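Numbers 11 to 156, taken from this note's numbering, label the letters of the sequence shown in order.
Read the structure below first, then the notes.
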Amino acid sequence: MKKWHSLSLLFIALLAGCSKDPEEIRLNFDDCYSCRMTISEEKFAAQLITTGGKSLKFDAVECLIDASRETALEGKIAALYVRDYNSSEWIDAFKAFYVKDSSFNSPMGLDAAAFKLKAAAESEAAARGGRILNWQNLRLVQAGEL
Numbered sequence: 011m012k013k014w015h016s017l018s019l020l021f022i023a024l025l026a027g028c029s030k031d032p033e034e035i036r037l038n039f040d041d042c043y044s045c046r047m048t049i050s051e052e053k054f055a056a057q058l059i060t061t062g063g064k065s066l067k068f069d070a071v072e073c074l075i076d077a078s079r080e081t082a083l084e085g086k087i088a089a090l091y092v093r094d095y096n097s098s099e100w101i102d103a104f105k106a107f108y109v110k111d112s113s114f115n116s117p118m119g120l121d122a123a124a125f126k127l128k129a130a131a132e133s134e135a136a137a138r139g140g141r142i143l144n145w146q147n148l149r150l151v152q153a154g155e156l
């Protein structure tokens with residue numbers, strides 16, 4: 011019985027270590043996995059969680075896009091997160107609405123911000139004169155294909 015209890019605790023500990031939840035980013039301390047710049051602007055931060063539960067942190071969505079294309083990470087991506095521009099809440103990168111406009115002045119120059127709500131993205135796009143993109147289109151823009 012004691013052996014099963016120990017195995018159960020080990021299993022729970024392993025599951026906890028493989029979390030798909032994003033970690034908090036320590037601004038002006040954590041470095042971007044892709045470009046190695048220090049992450050300094052929370053509203054543009056992004057995160058990739060591997061299937062093993064490791065968190066890779068990014069200073070901007072374009073660095074996240076670059077990493078998601080790496081062959082070394084192929085088949086090892088469990089989740090992608092971006093920060094909501096208004097609330098800094100972590101949101102699923104695939105479900106976010108992105109507004110691209112030069113007035114965002116993001117760290118790596120793609121000048122795109124993520125929004126959880128479509129209405130918020132529409133409002134921001136109208137105010138700035140930007141355009142709304144989904145994840146796939148943002149990847150194409152970043153690659154120069156759209």
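All C-beta atoms, glycine included, are put in the ideal place defined by N, C-alpha and C.
Keep in mind that this is a model prediction, so the values were computed, not measured.
Counted within 10 angstroms of its Cβ, other Cβ atoms place residue i as buried (16 or more) or exposed
| i | result |
| --- | --- |
| G62 | exposed |
| E134 | buried |
From the options, residue whose alpha carbon lies closest to that of residue i
| i | options | result |
| --- | --- | --- |
| I35 | A88, N96, W100, S44 | W100 |
| Y43 | F125, T60, K53 | T60 |
| S120 | F104, R93, S65, C73 | Here residue 120 turns out to be Leu, not Ser, going by the sequence shown. Measuring from the Cα of L120, the nearest candidate turns out to be C73. |
| D111 | R149, A122, Q152 | A122 |
For residue j and residue i, believed in contact at Cβ under 8 Å, the rounded distance
| i | j | result |
| --- | --- | --- |
| M47 | D40 | Incorrect: roughly 10 Å between the Cβ atoms, too far for contact. |
First through last residue of the alpha helix (DSSP H) which encompasses residue i
| i | result |
| --- | --- |
| I75 | 71-78 |
| A131 | 128-138 |
Secondary structure of residue i, DSSP reduced to three states
| i | result |
| --- | --- |
| L143 | strand |
| L83 | helix |
| L17 | Residue placement at L17 is flagged as unreliable, the pLDDT there being 40, under the threshold of 50; a coordinate-derived value is accordingly withheld. |
| K105 | coil |
| A23 | Confidence is the limiting factor: at A23 the pLDDT is only 39, short of 50, which leaves the residue's position unreliable, though a coordinate-based value still follows. Correct three-state label for A23: helix. |
| R93 | strand |
| L37 | coil |
| A156 | Per the sequence presented here, residue 156 reads as Leu, with Ala not at that position. Note: L156 maps to coil in three-state DSSP. |
| L120 | coil |
| L150 | helix |
Span of the beta strand (DSSP E) around residue i
| i | result |
| --- | --- |
| R65 | One detail in the question is off: residue 65 reads as Ser in this sequence, not Arg. Per DSSP, S65 belongs to the beta strand (DSSP E) from 65-68. |
| F114 | Neither: F114 is in no beta strand (DSSP E) and is coded neither H nor E. |
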